[in-house]
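Numbering (the UniProt record's numbering), first residue to last: 1 to 382.
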């Protein structure tokens with residue numbers, strides 16, 4: 001018989017109604033002091049219940065700790081994902097808010113131009129009609145006076161005939177109103193290619209960046225701008241350890257290239273510690289491995305490297321403010337140049353075996369900036 005009972009009071013031994021103070025290690029059950037001395041427990045080992053309970057509690061705490069940590073980590077990841085989605089939504093809404101405001105202002109400007117033209121041409125028409133109306137009034141009076149003389153007696157008619165003829169001769173000849181050139185609203189001016197010109201004006205508001213940095217790849221110590229066009233060193237942040245995440249203060253582009261020719265400019269400015277280049281797959285003998293083709297600036301020296309084979313000093317006549325990267329995938333070359341002087345700095349030639357991704361790295365708080373480009377962005381559907 002099980003010597004325990006379950007209720008809200010401290011359980012008692014069902015055989016002796018005594019408090020259960022010991023735990024029999026042989027029978028694996030709690031017992032009272034009377035049970036301990038009974039023949040059923042001869043030569044058995046016992047331990048105080050309080051001591052065993054505390055030991056088992058500690059074991060359970062130790063066992064449950066990894067589960068608690070995993071649950072907390074999962075909840076934090078979920079919260080970060082939700083926060084990331086909310087932040088992204090806020091940024092999208094802000095962009096559309098700016099465009100809506102721009103369109104409202106553009107509509108106001110164009111409607112104002114239409115109203116001004118309408119008022120100008122209406123005023124010209126009124127001025128012309130006013131002159132015609134004045135002449136018409138004179139003509140009407142002349143006609144009325146002449147008709148009056150026509151109804152007069154012969155004697156009176158003859159007496160007034162000469163003066164009536166003189167009045168008629170002085171009467172202005174009223175021409176029918178003719179529509180002047182450019183009298184109508186210039187609809188072509190207001191409607192022709194309207195959408196195109198609005199979009200062209202919108203280019204002043206929005207910019208196209210040939211490279212957009214991917215926040216899911218940034219090192220936790222990098223801070224990206226809201227438009228994902230620049231990166232700088234900052235306080236280390238707690239970020240998800242997703243497979244795309246890089247270290248060494250690096251961040252990659254959201255877009256990788258697998259063919260064609262591509263170029264982008266990076267403003268390095270007064271940044272004293274930076275790397276600019278591309279990252280991808282390269283053939284090394286019979287094996288394919290990750291390759292990096294970059295130029296860097298550190299301790300007032302310029303270097304170029306292609307991981308893991310080549311590191312070389314780079315001769316630069318004057319301090320670079322901007323760096324241009326030209327990737328020719330089909331020719332398997334990566335060329336670095338100074339866009340301010342159009343002087344080539346270095347060209348890497350290799351065997352690319354997969355997609356290549358633009359790469360930035362900095363250990364400085366001065367941001368590296370991808371510069372906007374005057375180009376039509378590639379079509380992207382959602």
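Each residue gets a CB set at the ideal place from its N, CA and C atoms; glycine is no exception.
As the structure is a prediction and not an experimental result, all values here were calculated from the model.
Does residue 249 pass the burial test, meaning 16 or more other C-beta atoms within 10 Å, or should it be called exposed? Buried.
When DSSP labels each residue in this structure, what does residue 192 get in the three-state scheme? The three-state reading of DSSP puts residue 192 in coil, since its state is none of H, G, I, E or B.
Along the chain, where does the beta strand (DSSP E) containing residue 369 start, and where does it finish? Looking at the DSSP string, the run of the beta strand (DSSP E) that includes residue 369 is 368–370.
May I have the straight-line CA-CA distance separating residue 365 from residue 98, to the nearest angstrom? For residue 365 and residue 98, the distance between alpha carbons rounds to 29 angstroms.
On a Cα-Cα basis, can you pick out the residue from 216, 230, 35 and 126 that is closest to residue 243? Cα-wise, what sits closest to residue 243 is 216.
Have a look at the DSSP bridge pairing and note the partners of residue 313. Residue 313 is bridged to 303.
Unbroken beta strand (DSSP E) run spanning residue 323, endpoints: Looking at the DSSP string, the run of the beta strand (DSSP E) that includes residue 323 is 322–328.
Continuous beta strand (DSSP E) stretch holding residue 34: start and end: Residue 34 -> not in any beta strand (DSSP E); alpha helix (DSSP H) instead, spanning 33–36.
If you follow the beta strand (DSSP E) that residue 360 is part of, which residue opens it and which one closes it? Segment 352–362, the beta strand (DSSP E) holding residue 360.
Is the Cβ-Cβ distance between residue 114 and residue 190 less than 8 angstroms? Yes, these two residues count as a Cβ contact at 8 angstroms.
Among residues of its own chain, excluding the 5 on either side of residue 160, which ones have a beta-carbon nearer than 6 angstroms to its beta-carbon? So the qualifying residues of the chain are 149.
Taking only the alpha-carbon atoms, compute the straight-line gap between residue 162 and residue 152 and give it to the nearest angstrom. Answer to the nearest angstrom: the Cα atoms are 14 angstroms apart.
Under the rule that 16 or more other beta-carbon atoms within 10 Å means buried, what is residue 3, buried or exposed? In this prediction, residue 3 scores a pLDDT of 46, lower than 50, which makes its location untrustworthy; the coordinate-derived value is nonetheless stated afterwards. Counting the other CB atoms within 10 Å of its CB gives residue 3 a total of 16 or more, which places it among the buried residues.
Just the C-alpha distance for residue 6 and residue 29, rounded to the nearest angstrom, thanks. Any reading at residue 6 needs caution, since the residue's pLDDT is 48, under 50, leaving its predicted position unreliable; the model's value is listed next. Going from the Cα of residue 6 to the Cα of residue 29 covers about 14 angstroms.
Once you ignore the five residues that flank residue 209 on each side, which residues in its own chain have a CB closer than 6 angstroms to its CB? Residues of the same chain with a CB within less than 6 angstroms of the CB of residue 209, apart from the 5 flanking positions on each side, are 229, 370 and 372 in chain order.
Taking three-plus beta-carbon pairs below 8 angstroms as touching, is the stretch 187–205 in contact with the stretch 106–121? A contact exists between the stretch 187–205 and the stretch 106–121.
Taking the beta carbon of residue 271 as the centre, do at least 16 other beta carbons fall within 10 Å, making it buried, or is it exposed? Buried.
Over the uninterrupted beta strand (DSSP E) stretch that includes residue 266, give me the two end residues. 261–267 is the span of the beta strand (DSSP E), which, as asked, contains residue 266.
Classify residue 226: buried if its beta carbon has 16 or more other beta carbons within 10 angstroms, exposed otherwise. Under this definition residue 226 is an exposed residue.
Nearest to residue 14 by CA position, among 33, 25 and 26, is which residue? The option with the nearest alpha carbon to residue 14 is 33.
DSSP on residue 80, reduced to helix/strand/coil? Three-state DSSP puts residue 80 in a helix.
Simplified DSSP assignment, three categories, for residue 120: In this structure, residue 120 counts as helix in the three-state DSSP scheme.
Can you give me the C-alpha to C-alpha distance between residue 185 and residue 322, rounded to a whole angstrom? Put simply, the backbone Cα of residue 185 is about 50 angstroms away from that of residue 322.
Using only the heavy atoms of the ligand FMN, determine whether one of them is closer than 7 angstroms to the beta carbon of residue 211. This structure does not include the ligand FMN; it has no bound ligands of any sort.
So what does DSSP say about residue 140, is it helix, strand or coil? DSSP places residue 140 within a helical segment (H, G or I) once states are collapsed to three.
Are the beta-carbon atoms belonging to residue 245 and residue 221 less than 8 angstroms from one another? Taking a C-beta distance under 8 angstroms as the contact criterion, residue 245 and residue 221 do not qualify as a contact pair.
Are residue 325 and residue 334 close, meaning C-beta to C-beta below 8 angstroms? Cβ distance < 8 angstroms, so residue 325 and residue 334 count as in contact.
Which residue's Cα is closest to the Cα of residue 313: 301, 307, 255 and 306? Closest by alpha carbon: 301.
Please state if the CB of residue 211 and the CB of residue 293 are separated by a distance shorter than 8 angstroms. The Cβ-Cβ distance between residue 293 and residue 211 does not fall below 8 angstroms.
Is DSSP giving residue 206 helix, strand or coil here? Three-state DSSP puts residue 206 in coil, outside helix and strand.
Buried versus exposed call for residue 48 [16 or more other C-beta atoms within 10 Å across all chains shown]: Per the 10 Å Cβ criterion, exposed.
Give every residue of the same chain whose Cβ lies closer than 7 angstroms to the Cβ of residue 274, excluding the five residues on either side of it in the sequence, and list them in chain order. For residue 274, the CB contacts under 7 angstroms within the same chain, skipping 5 residues up- and downstream, are 268, 296, 297, 361, 362, 364 and 368 in chain order.
Could you give the DSSP three-state label for residue 337: helix, strand or coil? Residue state, collapsed to three classes: strand.
Does DSSP put residue 53 in a helix, a strand or coil? In the three-state scheme derived from DSSP, where H, G and I count as helix and E and B as strand, residue 53 is classed as helix.
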